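Asker:
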Amino acid sequence: MRRAIIGIILLLALSLLTFVLFFSSGVDVTRFACGKNCTPEKRATTEKALGYDKPTVVQWTDFLQGVVVGRDYPDDPELQRESPEIVTHCPAPCFGFSQVNAKTVNSLIAEAAPVSISLAMVAVFLWVLFGVLFGLIAAVRKGTWIDRGIVGATLVVYAFPTFFIGIFLLKYVAIKWQLLPFPQYVTIADGGVGEWFVNLLLPATTLALFYLAGYVRITRAFVLESLSEDYIRTATAKGLAPRKVLFKHALRAALTPLVTMIGLDLASLLGGAIITETVFSYHGLGALALRANVSYDLPVLIGLLLLAGAFVILANIVVDVLYAYIDPRVRLD
Amino acid sequence: MAKMRKRMVALSAVAAMTAAVLAACGGGSDNPPSGGSTGDGEASAKGGTLQYLQHFPFESTDPQRIYYGVELANFRRTLYRSLVAFPFDNDPDVANTPVPDLATDTGTSTEGGKVWSFTLKDGIKWEDGSDITCEDFKYGASRAFADDVLTGGAGFYIKGYLDIPADPKGGSMYKGPYRGDGQELFDKAVTCDGKTITYNFNKPWPDFPLSVASLMATDPYKESIDKGDRSKWVVMSNGPYKVDGGTWDVNKGATFVRNENYDPATDSPDLLRQANPDQINYELYTAPEPILDRLVADAGDDKNAVTAARIPPAYFSQIEGPVADRTATVESPYTNYLVPNQKTLTDPKVRQALAIATNVDGYIKAEGGEKAGVPAESIINPGLPGYTEQEMFSGSNEGDPDAAKALLEEAGVDLPYPIKYTYGQSETQDKTAAILKEGWEKAGFQVTLDPLADTYYDVINQPDKDSDVVWAGWGADWPSAMTVLPPLFDSRQNFATDANGNVTNLGQDYGYYQSDEFESLVDQAATAPDIDTQNDLLTQADTVLANDVAYIPLDTSTFYWLYGSGITNFMTDAASSSYPDLGPIGVTQ
Amino acid sequence: MTVTPANQLEERTPDPKGAGPTAITSNSPTALAFARFRKDKKSWVALVVVVVYISAGIAAPFLVMFGVLDPQTANQDLLNANTLPAGDFWGISWTHPLGVEPGVGRDVLSRIWLGITYSLAVSLAAAFIAVFVGVALGIIAGFAGGWTDAIIGRVIDLVLAFPQTLLLLAAAPVGLAILTEQLHVPDGALAQGMFVVLVLGLFGWTGTARLIRGQVLSLREREFVDAARLFGASRRRIWFKELLPNLWAPVLVTFTLYMPAFISAEAALAYLGVSVRPPTPTLGNVLKDSIQYASGDFLYFFAPAFMIALIVVSFNLLGDGLRDALDPKGDR
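Protein chains in written order, with the numbering used here: chain A, 1 to 333; chain B, 334 to 922; chain C, 923 to 1254.
1. Rounded to whole angstroms, what is the Cα-Cα separation between Ile864(B) and Ser729(B)?
2. What does Ser1186(C) touch in chain A if you count any residue whose Cβ is under 7 angstroms from its own?
3. Output the boundary residues of the alpha helix (DSSP H) element that contains Ile8(A).
4. Pop quiz: Thr1045(C) and Met1181(C) are said to be a contact at Cβ under 8 angstroms. What is the actual Cβ separation, rounded to whole angstroms?
5. Given this structure, state the Cα-to-Cα distance separating Cys525(B) from Ser442(B), to the nearest angstrom.
6. With a threshold of 16 other CB atoms inside 10 Å of the CB of Trp60(A), please say whether the residue is buried or exposed.
7. Between the stretch 243-251 of chain A and the stretch 158-172 of chain A, do at least 3 Cβ pairs fall closer than 8 angstroms?
8. Within 8 angstroms of any Cβ in chain B, is that where the Cβ of Val1114(C) sits?
9. If we cut at 8 angstroms on Cβ distances, does Ala1231(C) have a partner in chain A?
10. Decide if the stretch 1073-1092 of chain C is in contact with the stretch 1215-1233 of chain C; the criterion is three or more beta carbon pairs, one per stretch, under 8 angstroms apart.
11. What residues in its chain sit with their C-beta under 7 angstroms from that of Val155(A), if we drop five residues either side in the sequence?
12. I'd like the span of the alpha helix (DSSP H) that includes Pro715(B), first residue to last.
13. For the alpha helix (DSSP H) that Tyr574(B) lies in, which residues bound it at each end?
14. What does the alpha-carbon distance come out to for the pair Gly372(B) and Gly445(B)?
15. Residues of chain B with CB closer than 7 angstroms to the CB of Val1026(C), please, in chain order.
16. For Ala92(A), which residues in the same chain have their Cβ closer than 8 angstroms to its Cβ, ignoring the five residues on either side in sequence?
17. At 7 angstroms on the CB atoms, spell out the chain A contacts of Ala1227(C), in chain order.
18. The beta strand (DSSP E) with Thr443(B) in it runs from where to where?
19. Using the beta-carbon of each residue, which ones in chain C are nearer than 7 angstroms to Val312(A)?
20. Taking only runs of the alpha helix (DSSP H) that begin and end inside the stretch 423-458 of chain B, which ones reach a length of at least 4 residues, in chain order?
21. Grab the span of the beta strand (DSSP E) containing Pro1167(C) for me, first residue to last.
22. With a CB to CB cut of under 6 angstroms and the five nearest residues on each side skipped, what residues in its chain are close to Ala522(B)?
23. With H, G and I counted as helix, E and B as strand and the rest as coil, what does DSSP make of Ala705(B)?
24. Assuming Ala487(B) and Leu548(B) form a contact by the criterion Cβ under 8 angstroms, report the distance between their Cβ atoms to the nearest whole angstrom.
25. Cβ of Thr755(B) less than 8 angstroms from any chain A Cβ?
26. Can you tell me which of the three DSSP states Trp894(B) falls into?
27. If we call anything under 8 angstroms between Cβ atoms a contact, is Thr662(B) one with Thr891(B)?
28. If you drop the 5 nearest sequence neighbours on each side, which residues of the same chain put their C-beta closer than 6 angstroms to that of Ile275(A)?
29. Quick one: which unbroken alpha helix (DSSP H) runs of 4-plus residues sit fully inside the stretch 747-804 of chain B? Chain order, please.
30. Please list, in chain order, the chain A residues whose beta carbon lies closer than 9 angstroms to that of Val583(B).
31. Comparing C-alpha positions only, which one of Gln994(C), Val967(C), Ala1003(C) and Lys963(C) sits nearest to Ile652(B)?
32. Tell me the DSSP bridge mates of Thr524(B)?
33. Looking at C-alpha atoms only, which residue of Ser813(B), Ala879(B), Asp559(B) and Glu517(B) is the closest neighbour of Gly473(B)?
34. Using 10 angstroms around the beta-carbon of Glu277(A), count the other beta-carbons present and answer buried if the total reaches 16, otherwise exposed.
35. Any C-beta of chain A sitting closer than 8 angstroms to the C-beta of Ala968(C)?
36. Can Leu306(A) and Thr104(A) be called in contact, C-beta distance under 8 angstroms?
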């Protein structure tokens, strides 16, 4: 409960900071929204329609009010009276209205989120599976060329920029060698789980290759450490099967740090993988963010920043709760 | 024009949007498309699904807000019909001559072109089955005046021509249908008499039908569905297709299906819309590269795909063998040019030296060579009437540093002469800038490169900018140099001034150019008794510009297209601004 | 994907409170550490590569000045009709060992080489900021405890909650405008470079702060501090004579690990168009152009990416090696 309250306070601080950053920096945000050949008249209307003429703090409280009870756009009573036909109601929790898309930020996020969530899920699946597997193998074969090969190879792959890896996979694996179909997001409803998965494989691999090195190393390190501890030695001495020792005790030691990492990495991915989505032309939250940035669509940017922030804060809480289940000692704290 | 705005987006963060995304319309081309084209009007089989792979998002699907050339070309053939339209044809003269579409003829003018009337056909319907009425046309034109709500589009032409008095502040007395002020003035300027619509202009507009065919500002709009800015992505079709679901998704695209309320008997399918595919899928990508990857691979649905993404130079080496048979190279109506800043480069000799030292050949090679552009000798596209090769820019296109240096010495300036070159950043533009810089520096200039990102056109139209040369691109709005020279160089229609008469915005006259001689020639051209005299006067006006070095032409863009093996009747003509024309196109199933 | 240096860093130096294999017990004498490092062949190779890169980076501007490297001159005569380098083997020659850039014909080796200078300079400056802020706040949090500690902890949470790639992207126009309009930095490469340095530095310090805080907390409880206190040493003396010398090891390790994270981050920012803009050839800028040529010009496609990967791997191995040397318990 205390954690949740701190989380909410953090989110409020995050949203206030975001507003201050965008609206009090002296940058003419209306100029971006107004577009080319912006006349003073057109500018004034745009400013009013978007509410940019109000003080930052008022805009922020308006935003918060929208999140709690919803709001109407444009948020200017005069404009609403003049042209009632253009008013859009944005129900709670309302994250804003995008002038560029003529849609609420909520609906834009709702459209793009499934892509990012799918991508994140498949990517997490890949890197956890292979990260733990390779980490275990490396630990068991410590000091051999297998160990060095695994650790070295994952580090080298990690060192190449993500967009380079993505483009390499796209151009060679999909196009030149045609090992996989040209990736294109297919919903489960349209193509079934198989199609969905196969199409996500390349972008998810791109992401997974970036994260893999960290997971291999963590798994390896914690397994090695626990293998050297007394209770494991005791278990082995008692004649427990090596495999059982490995999975039951050694891997368990790696579980706590792994859960932390998975939680936080997953949270940061759920907010959208900008580069990977761009490379593969996936219309997820990351691509939405990039497009919003190009057109300086502030409501969308603010909505996405807060959504991603909320994921991270939530993940922190979830991870803390999970700790208590995994590691009973935590409860004693 | 919106081409500009699109360029702005193309410069953005998204990697390698190299292909010029150009707007507007008209413009002829000398070269019939090579390869792929299977001739005029030859019928393709009906049916199948055409894939349209888009490499940038459209600006709006509201006809009064559309200004991208590719969007105008596509939607005219599929969703939005108008009074008259350009037919698809490889002969630019045919393709530049409007034919009746929703009107019974191409319009009648009286009072020397100041009054235009059109009569609507019978049986023309919206996709909801209701009739398209004269009032719908009138309402559509009225929306041009609501440019505070409906940003973008090309409504400024009709707004400037319609006979409605100006208010003291310089705007129109009519404030558009949403605010309603001055509605009676508009009702006098555009009148309906049964099925006949009449437009009253404040000056002669002899090529009004060309503008109707090219742009969508005068397209009909149904008042009952108008939600102002909220209608930005709503599509109410009257063409052979409609958007499935009625709304375009700017982040994804849309699916076009057949419009049951469209009656081909009211149309001229062989001239305007064969409407062969049963369905058209628009699919949005973030860059040209993945699209070209798919088209090169030519697998599955992609066999029936076309795109408006030009083949980037990095792909040229892959266009060989059977892939090369699926390409078309066509000269486009778009010209790239440089604008010297008249306020900083005040000495004409310095500007001439700059023009002479400009390495156009190198510029084109950096863009991708002959498949990317051909040298231009004037701002007027060679396909337009009034074009002439300007002496100032003819001769060697490699740049002549020695002659330029001699001119600079003659001008008596200190060498090296520092200049700042401002351009919109992209991978390709970085390369062309490097080449231009090298050429100029050989002649004695010292060049600072100033690549700008998204706000490019918001910066270069500022009067107090410190750049000496800026890059720009332009294509005529319809086949007349009247849509080239005045919009780019007539200070009176470009400059915005504040209450004290200070210039606050340069519009599209990026070089702060002002010439009484040029402006008087433009005025004479605007009221010329016939098109030939008009064109002669415009040629003279262009020569004035050239002698003042108001611009330095670089090249006319070449469009290099790749399409799927299942495409039939691939055509790129003057009517489609050299983009793939969806009028005759078909797919094999 | 994240370009988040803090995240990457945490993958390598996670969870000080766990005091697992990553915690650094830095009370071992320097000489012992040095001896351990000397035996670590992998780290030696990494150190050599890092030294070579840094020397190359320092030398590049001088080589350009003397005309040995020429990143700007166009050689369009070396290109074929497709505007790719003419000739076999991607157009390599004695004068252009890595070939020339498609379209313009600039020397690729010169551009990459100078790119190393810019990328290292940006990463180094950002790493200094991150380490400085991180160490300062870490020490304050660790020593002061109580409310100060709690507040700093929440600030760290807040910074970590920001989706950083997105924020960097969205903040670019705002940040650049503040730099040029309010701080009067001349617009252009300098302002863009400062923006990159500042955002990387100011978002990257959290990992260090947590690590240092943990170190300070554990050091405070150590015997030698107690001993010093017992002998009546002043607070100041305990700070400067007993604690700070024991922090240099973790600081050195984090600094070494910031470098690869920031080099990668610069490349990612360049890809998104918010790094230093061309014509300044940072490694990211060169790579952004080269990735277009995956099938047209493989050498040009691969070389810049490889050069980035090599230095990133080397810095990471060096950082690991330093940690292992300074902390014999950590089994990595």
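Ideal placement from N, C-alpha and C gives every residue a C-beta, glycine not left out. None of the values given here were measured: they were computed from a predicted structure.
Answerer: With the given structure in hand:
1. By 1-based counting over the second sequence, the position of residue 864(B) is 531. By 1-based counting over the second sequence, the position of residue 729(B) is 396. Approximately 32 angstroms, taken between the alpha carbons.
2. On the third sequence, position 264 is the one that residue 1186(C) refers to. Using a Cβ-Cβ cut-off of 7 angstroms, Ser1186(C) is close to Pro161 of chain A, given in chain order.
3. As a first step, residue 8(A) must be located in the first sequence, where it is residue number 8. Unbroken alpha helix (DSSP H) run through Ile8(A): Arg2 to Phe23.
4. Looking up residue 1045(C) in the third sequence gives position 123. Looking up residue 1181(C) in the third sequence gives position 259. Checking the sequence, you will find Ser at residue 1045(C) rather than Thr. With 8 angstroms as the limit, Ser1045(C) and Met1181(C) qualify as a contact, their Cβ atoms being about 5 angstroms apart.
5. To locate residue 525(B), count along the second sequence from 1; it is residue 192. To locate residue 442(B), count along the second sequence from 1; it is residue 109. Whole-angstrom Cα-Cα distance: 16 angstroms.
6. Taking the first sequence and counting its residues from 1, one reaches residue 60(A) at position 60. Buried.
7. no
8. In the third sequence, counting from the first residue as 1, residue 1114(C) sits at position 192. Here the sequence assigns Gln to residue 1114(C), which means Val is not the residue at that position. Not one chain B Cβ lies under 8 angstroms of Gln1114(C).
9. Taking the third sequence and counting its residues from 1, one reaches residue 1231(C) at position 309. Output row for Ala1231(C): interface = yes.
10. no
11. Here residue 155(A) corresponds to residue number 155 of the first sequence, with the count starting at 1. Here residue 155(A) is Leu; the residue named in the question, Val, does not match the sequence. Only Ala213 meet the Cβ criterion.
12. Position 382 of the second sequence, counted from the first residue, corresponds to residue 715(B). Per DSSP, Pro715(B) lies in no alpha helix (DSSP H) segment and is marked neither H nor E.
13. Along the second sequence, one-based indexing puts residue 574(B) at 241. Tyr574(B) -> not in any alpha helix (DSSP H); beta strand (DSSP E) instead, spanning Tyr574 to Val576.
14. Along the second sequence, one-based indexing puts residue 372(B) at 39. Along the second sequence, one-based indexing puts residue 445(B) at 112. Residue placement at Gly372(B) cannot be trusted, given a pLDDT of 42 that sits under 50; what the coordinates show is reported in the next sentence. For Gly372(B) and Gly445(B), the distance between alpha carbons rounds to 38 angstroms.
15. For the purposes of this step, residue 1026(C) is taken as the residue at position 104 of the third sequence. Residues of chain B passing the Cβ test: Ala699, Lys764, Ala767 and Ile768.
16. Counted from its first residue, the first sequence places residue 92(A) at position 92. Same-chain partners within the cutoff: Gly66, Val67, Val68, Val69 and Gly70.
17. In the third sequence, the residue the question calls residue 1227(C) occupies position 305. Identification of chain A residues near Ala1227(C) by a Cβ-Cβ cut-off of 7 angstroms yields Phe160, Pro161 and Phe164, ordered along the chain.
18. Residue numbering aside, residue 443(B) sits at position 110 when the second sequence is read from its first letter. Note, Thr443(B): beta strand (DSSP E), Thr441 to Thr443.
19. Here residue 312(A) refers to the residue found at position 312 of the first sequence. Simply Leu1082 and Ala1083.
20. 425-428
21. Against the third sequence, residue 1167(C) aligns to sequence position 245. Note, Pro1167(C): premise wrong, no beta strand (DSSP E); alpha helix (DSSP H) at Leu1166 to Tyr1193.
22. By one-based count along the second sequence, residue 522(B) stands at place 189. Once the five neighbours on either side are set aside, the close Cβ partners of Ala522(B) are Leu495, Asp496, Ile497 and Asn533.
23. For this step, residue 705(B) is matched to residue 372 along the second sequence. Residue state, collapsed to three classes: coil.
24. Taking the second sequence and counting its residues from 1, one reaches residue 487(B) at position 154. Taking the second sequence and counting its residues from 1, one reaches residue 548(B) at position 215. That pair is a contact at about 4 angstroms.
25. Looking up residue 755(B) in the second sequence gives position 422. No, its Cβ sits nowhere closer than 8 angstroms to a Cβ of chain A.
26. By one-based count along the second sequence, residue 894(B) stands at place 561. If DSSP states are grouped into helix, strand and coil, Trp894(B) belongs with the strands.
27. Taking the first residue of the second sequence as 1, we reach residue 662(B) at position 329. Taking the first residue of the second sequence as 1, we reach residue 891(B) at position 558. In this structure, Thr891(B) lies closer than 8 angstroms to Thr662(B) by Cβ.
28. In the first sequence, the residue the question calls residue 275(A) occupies position 275. Thr162 and Phe163.
29. 760-775 and 789-793
30. Here residue 583(B) refers to the residue found at position 250 of the second sequence. Those within 9 angstroms of Val583(B) in chain A are Val100, Asn101, Ala102, Lys103 and Arg291.
31. As a working mapping, residue 652(B) is identified with position 319 in the second sequence. Ile652(B) has its Cα closest to that of Ala1003(C), out of Gln994(C), Val967(C), Ala1003(C) and Lys963(C).
32. Counting from 1 along the second sequence, the entry for residue 524(B) is found at position 191. Its beta-bridge partners are Thr531(B).
33. Numbered from 1 along the second sequence, position 140 holds the residue referred to as residue 473(B). Checked all of Ser813(B), Ala879(B), Asp559(B) and Glu517(B); the closest Cα to Gly473(B) is Asp559(B).
34. As a working note, residue 277(A) is residue 277 in the first sequence. Counting Cβ neighbours within 10 Å, Glu277(A) comes out buried, since at least 16 surround it.
35. Counting from 1 along the third sequence, the entry for residue 968(C) is found at position 46. Taking Cβ atoms only, chain A never reaches closer than 8 angstroms to Ala968(C), which makes this a no.
36. As a working mapping, residue 306(A) is identified with position 306 in the first sequence. As a working mapping, residue 104(A) is identified with position 104 in the first sequence. The criterion of a C-beta distance shorter than 8 angstroms is not satisfied by Leu306(A) and Thr104(A).
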